[in-house]
Amino acid sequence: LAKTTQPISMDSYEGQEVNITCSHNNIATNDYITWYQQFPSQGPRFIIQGYKTKVTNEVASLFIPADRKSSTLSLPRVSLSDTAVYYCLVEGSGGGADGLTFGKGTHLIIQP
Amino acid sequence: NAGVTQTPKFRVLKTGQSMTLLCAQDMNHEYMYWYRQDPGMGLRLIHYSVGEGTTAKGEVPDGYNVSRLKKQNFLLGLESAAPSQTSVYFCASSDDRDRNQPQHFGDGTRLSIL
């Protein structure tokens, strides 16, 4: 069961690129890395998922080095509405509850 | 397309009372999950289901029971509510074809136990 470690909080400013790194030293071969975003009074929302190298969608990019022991969520040109808590999960394939543990996440605060 | 719907949205109970939280999804997902989130904390898995008629324990199952009689519904029950169960409860579902499909969450049920 891969445990994840990410910073408790981060601050940035509108228009900047924000990178949030998650460590997962015990990631298994079949594990995927998934990032979720949560706003106050709402459930988490899927942002991006990857297995290796780089994944990009309309919202973010996910960078995963060759050893897969960490991953970095990159949010380009953030705005005030990106203020939220971001969770990194390492989910095992094959069913079960492996990886279904949301840590405290990273509270990202964007200032004007 | 409603996604994942949780009812009720808010509830206040007295210690010892019982209640059932309902989660409904309209995406034909096989997997469903119940989490609780306490202030300043992440989500902790209570119970989950990998298909109709199945349930399994998560990280914090004590004091809760669940049932999955229909594929689209996942019920979370508190038989004798305790103040320690004051929390926000989130339900989620995910597709069965590939375990790595992301979870879709409801907006939560805020439960206070007095």
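In the order they appear, the protein sequences are chains A and B. The letter at position 108 of the first sequence is residue 100 when you use the working numbering, and the numbering goes up by one with no holes. The number in the working numbering is simply the position in the second sequence, starting from 1, with 678 added. Where is the CB? At the ideal position from N, CA and C, for every residue including glycine.
Chain-ordered neighbours of residue i on chain B, where CB pairs are closer than 8 Å
| i | result |
| --- | --- |
| S37/A | Before going on, a small fix: residue 37/A reads as Arg here, not Ser. The contacting residues are F783. |
Local conformation of residue i per DSSP, three classes
| i | result |
| --- | --- |
| L789/B | strand |
| S696/B | coil |
| L72/A | helix |
| S762/B | helix |
| V51/A | coil |
| L691/B | strand |
| I0/A | coil |
| N17/A | coil |
| K46/A | strand |
| L65/A | strand |
| R60/A | coil |
| V77/A | strand |
| H707/B | coil |
| E730/B | coil |
| V82/A | strand |
| T93/A | coil |
| A680/B | coil |
| V738/B | coil |
Chain-ordered chain A contacts of residue i [CB-CB under 7 Å]
| i | result |
| --- | --- |
| L754/B | Simply none; closest approach about 15 Å. |
| P780/B | T26, F38 and Q41 |
| E737/B | T93 |
| F768/B | G35 |
Residues that residue i contacts on chain B, provided the C-beta gap is smaller than 7 Å
| i | result |
| --- | --- |
| F94/A | G720 and L721 |
| G97/A | G720 |
Partners in chain B for residue i, counting only beta-carbon separations shorter than 9 Å
| i | result |
| --- | --- |
| Q34/A | F783, D785 and G786 |
| Y120/A | Limits of chain A in this structure are -7 at one end and 104 at the other, which puts residue 120/A out of reach. |
Cβ-Cβ separation, residue j to residue i (assumed contact under 8 Å), whole Å
| i | j | result |
| --- | --- | --- |
| I101/A | D3/A | 5 Å |
| T45/A | I12/A | Rounded, the Cβ-Cβ distance is 18 Å, inconsistent with contact. |
| N743/B | G729/B | Not confirmed; about 18 Å, so no contact. |
| E9/A | L67/A | 7 Å |
Sheet register partners of residue i (DSSP bridge)
| i | result |
| --- | --- |
| L747/B | Its beta-bridge partners do not exist; DSSP assigns none. |
| I40/A | W27/A |
| Y5/A | Q103/A |
| F768/B | Y713/B |
| G755/B | T698/B and N743/B |
| I12/A | L65/A |
For the segment 20 to 35 of chain A against the segment 686 to 706 of chain B, do three or more pairs of beta-carbon atoms, one drawn from each stretch, fall closer than 8 Å, so that the two count as touching?
No, because fewer than three Cβ pairs between the segment 20 to 35 of chain A and the segment 686 to 706 of chain B fall closer than 8 Å, the two stretches do not touch.
With contact counted as at least three CB pairs below 8 Å, one residue from each stretch, are the segment 681 to 695 of chain B and the segment 49 to 63 of chain A in contact?
no
Check whether the segment 756 to 771 of chain B and the segment 708 to 722 of chain B are in contact - that is, three or more C-beta pairs closer than 8 Å.
Enough Cβ pairs lie closer than 8 Å, so yes.
With three or more beta-carbon pairs closer than 8 Å as the criterion, would you say the segment 72 to 79 of chain A touches the segment 726 to 736 of chain B?
no
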